[in-house]
Amino acid sequence: MSSIAFLRRSSDGRSELIFRQDRIPVAIGPGGVRADKQEGDMATPRALMPLRRIYYRADRVARPETFLPCEPLSPHDGWCDDPSDARYNQAVTLPCGSRHERLWRDDHAYDLIAVLGWNDDPATPGRGSAIFMHLPTPGGSTEGCIALPEALWRSLLKGGLTAIDSRDS
1 MSSIAFLRRS
11 SDGRSELIFR
21 QDRIPVAIGP
31 GGVRADKQEG
41 DMATPRALMP
51 LRRIYYRADR
61 VARPETFLPC
71 EPLSPHDGWC
81 DDPSDARYNQ
91 AVTLPCGSRH
101 ERLWRDDHAY
111 DLIAVLGWND
121 DPATPGRGSA
131 IFMHLPTPGG
141 STEGCIALPE
151 ALWRSLLKGG
161 LTAIDSRDS
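Note that UniProt numbering has the sequence shown beginning at 1, numbered continuously upward.
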């Protein structure tokens, strides 16, 4: 059975993940899906992206059921998004001295996140960083990530999700 979810546009123009027989509405970046993803373009990459690792806020949510590497976040967890830093598109411990994204957030967007395998083997500076699957934000779109409600997110993980394929989006 497939463990890949396919990112597509529905007939009404909204983004959705198709996983086995389910169609799951998701939010993506306002820049759409782009093969030429660049840092800061607000686009979701057009690629086959494996789920590398799961992080969760243990003070807010339960550990998800998954066979993927999974660990709780700490207030010192961050992600380097500075193309001039050797740690570009990698997890960092804060403070780190370079431009970064804080993973321990006041809102709930990163209470449950998956690191998607984009531009990480190896990272090319400027090709885009911090591409995650996470929980929705009040604004509705992301900065290039894929967001969906927690119950659906957990269902995908429990169902064995291992990758997102956006190549036909």
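By construction, the Cβ of each residue, glycine as well, lies at the ideal position given by its N, Cα and C atoms.
Reduced DSSP category for residue i - H, G, I as helix; E, B as strand; rest coil
| i | result |
| --- | --- |
| Arg-154 | helix |
| Met-1 | With a pLDDT of 44 at Met-1, under the threshold of 50, the modelled position of this residue cannot be trusted; read the value that follows with caution. Reduced to three states, the DSSP call for Met-1 is coil. |
| Glu-16 | strand |
| Thr-44 | strand |
| Ser-11 | coil |
| Val-61 | coil |
| His-108 | coil |
| Ala-35 | coil |
| Thr-93 | strand |
Range of the contiguous beta strand (DSSP E) that encloses residue i
| i | result |
| --- | --- |
| Trp-79 | 77-80 |
| Met-49 | 48-56 |
| Cys-70 | 70-72 |
| Glu-101 | 100-102 |
Local Cβ density within 10 Å of residue i, reported as buried at 16 or more and exposed below that
| i | result |
| --- | --- |
| Asp-165 | buried |
| His-134 | buried |
| Thr-44 | buried |
| Asp-81 | buried |
| Asp-77 | buried |
Cβ contact check for the region 143-161 and the region 52-72: 3 or more pairs under 8 angstroms | yes
Validate contact between the region 129-145 and the region 97-117 using beta carbons, cut 8 angstroms, 3 pairs | yes
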